[in-house]
Amino acid sequence: MLSRIFRDSENAAVNRKRQIDTLKVFNDNVTEIQEDVEYRVEFNAGGYGMAILVSLSPEFPLEKPVLKVTPQIDHPWVNEQSEIISAPGLLNFTVHSDLGRVVQAIIREFERRPPPLAGDVAVGTSTQQRVQEACTNGRASPAYVMPTFPLVYPQQRVLQFSELLDLTNAELEQLNQSEDRIDEFLDKLPPVQKLYKTVDDMITKNEELAKENLSKQPQLEKLQYSVRDKLETVAALKNSYENLSQEYQRLSDKYAPSNIKESLRLAALRSDEESERIAERFLGGKINVEQFVNKYVQKRTLSQTRKTKEEKLGSQLNELQRAGY
């Protein structure tokens, strides 16, 4: 199930990380040389300490990884530059392959059939020639001739899956050949079960949050309607405010002291003009003395009153202006 989850992911970064994770899962002694790019997998074969250098290009896993073995060995899978080129898993490598299993299969091949070091072949050949020359020249042949090799102590391997110790070789072989058995084995591992439990807990929590959000939907809709009504009220109040502001400005201009003074001056002029017309009508014999006196005195009094108010208001405005208002 776990590997299916990985395979279903189409994200390139996730696929790359999954491949690197399989390298660490299926192999021991994995050392990160450069994050996400280069790794070193150490192992022992034939009493020698060896290592496979794994180099990943930017296009990996769409491109095959580059695997090199050190020290240089003599093996059909390895070319003269110590690059592993003919391993079956590497030849058939695709984006759906597991890097960890490919490297694991190569290490198992070297462990089951330990390859000789590249220098050992030359040393063996040279020693045999020297023995033959000694026999030809009549010298006593040595009882035993053995080339000297550096003594390498196997490194202690730390198993990441202690459950493998309880399996027989046959069960391990079946596990290696069956992907379904590997999935079943991985599903029973405590870390994987813990991961599943964490996923289930997160799903349950997300469902609870979704239900809680849905339960608040009526309240949110009610608040939305309330906000909409208030926005409409604000818009109406804004229009009313603008109209009242215009009316206030009109009245403020109309009843400004300077405008009132000007209105008093114009009104006094009109009263003077009306009194002049009354006098002309009297001189023309259109009204009698009594009518003339009443109307003329009334208009002149009104005119004088308005002029007085105008002068007083003008004086007050001048005082305010001098005071800085």
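By the count of the working numbering, the sequence shown reaches residue 325 at its end, each step adding exactly one.
Backbone N, C-alpha and C define an ideal beta-carbon position, used for all residues, glycine too.
Everything numeric in this text was worked out from a predicted model, so none of it was measured.
Quick one: Cα of glycine 89 to Cα of asparagine 206, how far? Against the sequence shown, residue 89 aligns to sequence position 89. Against the sequence shown, residue 206 aligns to sequence position 206. Cα to Cα, glycine 89 sits roughly 41 Å from asparagine 206.
Nearest neighbour of leucine 67, chosen from Ile73, Pro76, Ser82 [CA to CA]: Mapped onto the sequence shown, residue 67 falls at position 67. Of the listed residues, the one whose Cα sits closest to leucine 67 is Ser82.
Use the C-beta contact count for lysine 64: other C-beta atoms within 10 angstroms, 16 or more gives buried, fewer gives exposed. Taking the sequence shown and counting its residues from 1, the one referred to as residue 64 is at position 64. Residue environment: lysine 64 is assigned as buried (16 or more neighbouring CB atoms within 10 Å of its CB, all protein chains considered).
DSSP three-state label for valine 66, please. Walking along the sequence shown from the start, residue 66 turns up at place 66. Here valine 66 sits in strand by DSSP.
Assuming serine 263 and arginine 300 form a contact by the criterion Cβ under 8 Å, report the distance between their Cβ atoms to the nearest whole angstrom. The sequence position of residue 263 within the sequence shown is 263, counting from 1. The sequence position of residue 300 within the sequence shown is 300, counting from 1. At roughly 19 Å, the Cβ-Cβ gap does not stay under 8 Å, so serine 263 and arginine 300 are not in contact.
Roughly how many angstroms lie between the CA atoms of valine 289 and glycine 324, to the nearest whole one? Here residue 289 is taken as the residue at index 289 of the sequence shown, counted from 1. Here residue 324 is taken as the residue at index 324 of the sequence shown, counted from 1. Taking C-alpha positions only, valine 289 is separated from glycine 324 by approximately 52 Å.
Of the residues His96, Val78, Thr94, Phe93, which one's Cα is nearest the Cα of glutamate 109? In the sequence shown, counting from the first residue as 1, residue 109 sits at position 109. Per the Cα distances, Val78.
How would you label histidine 75, buried or exposed, when you count the other beta carbons within 10 angstroms and need 16 or more for buried? If you number the sequence shown from 1, residue 75 lands on position 75. Burial call: buried.
How far does the alpha helix (DSSP H) with tyrosine 296 in it reach, from first residue to last? Here the question's residue 296 lines up with position 296 in the sequence shown. Its alpha helix (DSSP H) spans residues 289-322.
Residues of its chain near asparagine 259, where Cβ-Cβ distance is below 8 Å and the 5 sequence neighbours each way are ignored: As a working note, residue 259 is residue 259 in the sequence shown. The residues are Asp253.
Give the secondary structure of serine 55 by DSSP, where H, G and I count as helix, E and B as strand, and everything else as coil. Position 55 of the sequence shown, counting from 1, holds the residue named residue 55. In the structure shown, serine 55 sits in a strand (DSSP, three-state: E or B).
Within its chain, find whatever has a CB closer than 8 Å to the CB of leucine 164; leave out the 5 residues flanking it on each side and keep chain order. For the purposes of this step, residue 164 is identified with residue 164 of the sequence shown, where counting begins at 1. Correct list, in chain order: Leu172.
Suppose you measure from the CA of asparagine 27 to the CA of threonine 70; what does that come to, to the nearest Å? Stepping through the sequence shown from its first residue, residue 27 is reached at position 27. Stepping through the sequence shown from its first residue, residue 70 is reached at position 70. Near 17 Å, if we compare the C-alpha coordinates of threonine 70 and asparagine 27.
Endpoints, the alpha helix (DSSP H) within which phenylalanine 282 is located: Residue 282 sits at position 282 when you count from the first residue of the sequence shown. Element bounds for phenylalanine 282: 257-283.
Would you check if the distance between the CB atom of valine 41 and the CB atom of valine 103 is smaller than 8 Å? Here residue 41 corresponds to residue number 41 of the sequence shown, with the count starting at 1. Here residue 103 corresponds to residue number 103 of the sequence shown, with the count starting at 1. Their beta carbons are under 8 Å apart, which means valine 41 touches valine 103 by this criterion.
Mind checking whether threonine 31 and aspartate 98 have CB atoms under 8 Å apart? Counted from its first residue, the sequence shown places residue 31 at position 31. Counted from its first residue, the sequence shown places residue 98 at position 98. Not closer than 8 Å, so no.
Under DSSP, the alpha helix (DSSP H) around valine 95 begins and ends at which residues? On the sequence shown, residue 95 is found 95 positions in, with the first residue counted as 1. Judged by DSSP secondary structure, valine 95 falls outside any alpha helix (DSSP H); it is assigned neither H nor E.
Around the Cβ of methionine 202, are there at least 16 other Cβ atoms within 10 angstroms (buried) or fewer (exposed)? Taking the sequence shown and counting its residues from 1, the one referred to as residue 202 is at position 202. Counting Cβ neighbours within 10 Å, methionine 202 comes out exposed, since fewer than 16 surround it.
Three-state secondary structure (DSSP) of threonine 198: Position 198 of the sequence shown, counted from the start, is the residue given in the question as residue 198. Correct three-state label for threonine 198: helix.
Using only the alpha-carbon positions, how far apart do tyrosine 153 and phenylalanine 43 sit? The count along the sequence shown starts at 1 and reaches residue 153 at position 153. The count along the sequence shown starts at 1 and reaches residue 43 at position 43. Caution applies to tyrosine 153, whose pLDDT of 39 falls short of 50 and renders its modelled position unreliable; the value that the coordinates give is listed next. Straight-line Cα distance between these residues: approximately 11 Å.
Starting from alanine 45, trace the beta strand (DSSP E) both ways and give me its first and last residue. Working through the sequence shown from its first residue, we reach residue 45 at position 45. Unbroken beta strand (DSSP E) run through alanine 45: 38-45.
Could you tell me how far apart the beta carbons of serine 303 and serine 271 are, in whole angstroms, since I believe they sit closer than 8 Å? In the sequence shown, the residue the question calls residue 303 occupies position 303. In the sequence shown, the residue the question calls residue 271 occupies position 271. Yes, they are in contact, since the Cβ atoms of serine 303 and serine 271 sit about 3 Å apart, within 8 Å.
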